[in-house]
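**Q** The listed protein sequences derive, respectively, from chains A and B.
For the numbering used here, add 17 to where a residue sits in the first sequence, where the first one is 1.
For the numbering used here, add 17 to where a residue sits in the second sequence, where the first one is 1.
There are 2 protein chains.
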Amino acid sequence: MTKVLAIGTFPEPQRTALQDGFAPGFLKHPGALAARPAEARAGVSAVALRTIARIDGAAMDLLPDLKLIANFGVGYDQIDVAAATARGIKVTNTPDVLNDDVADLAVAMLLMQGRQMEAASAWMRDGKWASTGPFPLNRKLSGGRAGILGLGRIGREIADRLAGFKMEIHYHSRTRKQTPGWTCHADPVALAEAVDFLIVAVVGGAETEGLVSAEVIAALGPRGILINIARGSVVDEAALLEALEAGRLGGAGLDVFCNEPKIDPRFYALPNVVLQPHQASATVETRGAMAQLQRDNLAAFLAGKPLLTPVN
Amino acid sequence: MTKVLAIGTFPEPQRTALQDGFAPGFLKHPGALAARPAEARAGVSAVALRTIARIDGAAMDLLPDLKLIANFGVGYDQIDVAAATARGIKVTNTPDVLNDDVADLAVAMLLMQGRQMEAASAWMRDGKWASTGPFPLNRKLSGGRAGILGLGRIGREIADRLAGFKMEIHYHSRTRKQTPGWTCHADPVALAEAVDFLIVAVVGGAETEGLVSAEVIAALGPRGILINIARGSVVDEAALLEALEAGRLGGAGLDVFCNEPKIDPRFYALPNVVLQPHQASATVETRGAMAQLQRDNLAAFLAGKPLLTPVN
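1) Would you list the one or two residues that DSSP bridges to residue 214(B)?
2) Step through the CB atoms of chain B and report whether any lies within less than 8 Å of the CB of residue 88(A).
3) Here's a check: name, in chain order, each residue in its chain whose Cβ is nearer than 6 Å to the Cβ of residue 185(B), leaving out the five neighbours to either side.
4) Output needed in chain order: residues of the segment 166-190 of chain A with a Cβ under 9 Å from some Cβ in chain B.
5) Quick one: using the 10 Å Cβ neighbour count with 16 as the cut-off for buried, is residue 48(A) buried or exposed?
6) Cα separation between residue 50(B) and residue 250(B)?
7) Using three-state DSSP, classify residue 192(A) as helix, strand or coil.
8) Hey, how far is the Cα of residue 319(A) from the Cα of residue 326(A)?
9) Is the beta carbon of residue 90(B) sitting closer than 8 Å to the one on residue 307(B)?
10) Which residues bound the beta strand (DSSP E) around residue 96(B)?
11) Nearest chain A C-beta to residue 303(B) closer than 8 Å, yes or no?
12) Evaluate contact between the segment 232-246 of chain B and the segment 264-277 of chain B, counting only Cβ atoms and requiring at least three cross-stretch pairs below 8 Å.
13) Where are the beta strand (DSSP E) runs, 3 residues long or more, that stay fully inside the segment 73-161 of chain B, in chain order?
14) Residue 233(B) lies in the alpha helix (DSSP H); which residues open and close that run?
15) Give me the residue from 98(A), 115(A), 118(A), 103(A) with the minimum Cα distance to residue 11(A).
16) So, is residue 33(A) buried or exposed, given that buried needs 16 or more other C-beta atoms within 10 angstroms?
17) Any idea if residue 111(B) is buried or exposed, counting beta-carbon neighbours within 10 angstroms, 16 or more meaning buried?
18) Determine the chain A residues that contact residue 142(B) at a beta-carbon separation under 7 Å, and present them in chain order.
19) Using DSSP with H/G/I as helix, E/B as strand and the rest coil, what is residue 290(B)?
20) Could you tell me whether any Cβ in chain B is nearer than 8 Å to the Cβ of residue 146(A)?
21) How far does the beta strand (DSSP E) with residue 171(B) in it extend, from its first residue to its last?
22) If we ignore side chains and look at the alpha-carbon of each, how far apart do residue 312(B) and residue 76(B) end up?
23) Where does residue 303(B) fall in DSSP's three states?
24) Which residues in the same chain have their Cβ closer than 7 Å to the Cβ of residue 328(B), if we skip the five residues on either side of it in sequence?
25) Applying the 10 Å Cβ sphere with the 16-neighbour rule, what's the burial state of residue 252(A)?
26) Just to confirm my understanding: we take residue 79(B), look at its own chain, exclude 5 residues before and 5 after, and list those with CB closer than 7 Å. What are they?
27) What does the alpha-carbon distance come out to for the pair residue 197(A) and residue 321(A)?
28) For a contact defined as C-beta to C-beta under 7 Å, what are the partners of residue 2(B) on chain A?
29) Can you find the residues in the same chain that come closer than 6 Å, C-beta to C-beta, to residue 85(A), ignoring five residues on each side of it along the sequence?
30) Using the rule of at least 16 other Cβ atoms within 10 Å of the residue's Cβ for burial, across every protein chain shown, is residue 195(B) buried or exposed?
31) For a contact defined as C-beta to C-beta under 9 Å, what are the partners of residue 152(B) on chain A?
32) Please report how far the alpha carbon of residue 315(B) lies from the alpha carbon of residue 147(A), in whole angstroms.
33) If the criterion is Cβ atoms closer than 8 Å, does the pair residue 113(B) and residue 159(A) meet it?
34) Cβ atoms of residue 141(B) and residue 291(B): under 8 Å apart, would you say?
35) If you reduce the DSSP assignment to three classes, tell me which class residue 185(B) lands in.
36) Does residue 47(A) come out as helix, strand or coil in the three-state DSSP assignment?
Pasting the structure below:
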């Protein structure tokens with residue numbers, strides 16, 4: 018009887034590592050669960066999850082013996098955690114091991130966008146440096162005012178890096194934090210008003226949906242740059258697109274979107290954005306560490322030991 | 018009689034500021050000096066310089082009353098300073114005010130190259146994220162070993178920023194520096210052997226020509242990334258191109274080249290480089306501050322006061 022079911026797309030060498038450790042069944046998509054015979058679903062006590070597809074209570078009910086969903090990724094907004102808790106199912110994620118990479122990409126997108134580096138690269142490659150002259154001046158970034166929306170583990174890593182660029186650090190978070198003199202703001206609009214650059218680092222899910230509203234974007238303004246490495250759902254994407262198209266927002270660096278990977282094609286027409294394909298944690302080292310932590314949670318569960326990184 | 022001659026290309030609003038302050042003559046290129054009548058050249062005591070064209074002793078001799086060359090830029094490798102000194106001509110540059118911008122671009126090129134951000138952007142824009150799947154994994158940068166070649170004012174700013182990325186800092190410099198535990202290496206090859214990323218921040222000119230030799234590039238190796246924000250002349254460009262083409266060097270981020278702006282077109286065919294059009298200090302804020310410092314040196318000279326930033 019299969020005790021572990023791996024749902025989603027598991028690239029090598031992580032598929033092999035799962036196979037070696039747990040001999041799981043593999044399923045590409047949770048939507049295929051219902052088509053499995055009841056006897057194949059019974060007895061599955063743990064799921065290794067690597068998909069952005071929704072896992073709701075109905076999906077959980079198809080696995081009557083389920084006790085653990087071990088998610089790959091720090092974000093687990095695709096899982097209905099309340100439904101899991103109600104069914105006595107524990108959920109784990111893979112926090113911390115990806116903080117550095119995500120913070121690196123956030124800072125990189127801010128620098129790239131502020132210094133117009135993609136446009137400058139194109140300027141050379143189009144022969145304009147030689148034929149037309151120097152690339153137009155852009156703006157100084159060091160010493161600017163950076164606002165971190167969500168000063169959790171990733172937000173903190175971003176702030177620490179930006180402090181190295183002599184930036185003034187502002188933040189809004191659910192709770193006031195111990196910081197080296199950074200300024201806490203009461204809400205996202207007040208934060209956006211106070212800064213040049215707003216970096217979104219909150220959790221995804223219903224509680225933060227649309228947190229970066231049209232009002233926040235307006236407060237950031239035509240010189241402001243918005244960086245999002247959290248989830249597409251956190252930003253009012255319609256308002257963002259309108260503001261970028263109208264020049265009411267200076268620019269954006271986005272690693273996450275609504276409807277990934279088929280994002281709104283209007284993004285591709287914008288001259289004032291840096292776009293990345295949700296690759297913030299996508300390094301060999303970090304994806305390996307995330308997969309290891311997912312397997313460690315599975316192994317702890319199967320051995321009856323405490324879970325390493327439970328979320329409920 | 019014209020006391021001040023402005024040689025080179027001065028964009029607005031700096032041309033106007035020069036005009037308002039000094040009513041200089043304007044000359045696009047030092048090569049045009051010889052064609053000027055002797056009486057127009059006599060009496061010129063100060064030159065405001067904004068060109069990468071060579072200013073040698075012969076050019077100086079065309080201005081028999083010259084006492085000051087106020088250069089725009091921290092680098093002054095186009096000026097034969099020894100020839101100037103021999104003629105009693107002082108040279109000034111515009112240091113420090115550009116350190117932040119240059120360091121920002123150096124770090125940004127390292128992040129962009131290491132995280133393959135231009136390729137990831139193209140991946141999305143070509144529709145491959147939706148049609149093919151996630152962008153291939155790249156590499157973790159935070160926590161890596163960074164080598165700074167030349168720990169002067171700009172090198173120090175780069176190191177301080179990279180320390181915020183938890184990098185281990187190594188350096189080679191003409192003199193050992195007071196650092197927070199960074200590792201000093203005896204020569205560039207030893208430095209390159211010790212690190213993942215080598216950032217070139219030495220002065221240009223004859224003394225550093227070819228300092229980043231084929232041997233240094235080999236020591237950096239197929240996983241190494243070379244960043245150059247100094248001068249193209251510091252790197253053996255033929256060796257660099259060969260190593261990048263053969264994959265014997267992992268990648269490069271280059272803001273400076275030999276033969277700017279008509280750089281070797283082989284660079285444009287490489288998949289493993291980030292290229293920028295010598296724009297490290299090219300922000301509105303910093304170019305304004307550099308022009309102000311150039312004018313302040315001119316004003317100090319004309320008022321008989323000490324020069325602010327003399328180099329000889």
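In this text, a Cβ means the ideal position worked out from N, Cα and C, and glycines have one as well.
**A** Once the coordinates are examined:
1) 163(B), 242(B)
2) no
3) 162
4) 174, 177, 178, 179, 180, 181, 182, 183
5) exposed
6) 26 Å
7) coil
8) 15 Å
9) yes
10) Here residue 96(B) belongs to no beta strand (DSSP E), and DSSP marks it neither H nor E.
11) yes
12) yes
13) 85-88, 107-109
14) 231-237
15) Residue 11(A) lies beyond the range of chain A shown here (18 to 329); nothing can be said about it.
16) exposed
17) buried
18) 285
19) strand
20) yes
21) Run containing residue 171(B): none in the beta strand (DSSP E); it sits in the alpha helix (DSSP H), 170-180.
22) 22 Å
23) helix
24) 93, 98, 108, 109, 110
25) buried
26) 50, 51, 58
27) 41 Å
28) Any property of residue 2(B) remains undetermined from this structure, which presents chain B solely from 18 to 329.
29) 63, 107, 318
30) exposed
31) 293, 294, 295, 296, 299
32) 31 Å
33) no
34) no
35) strand
36) helix
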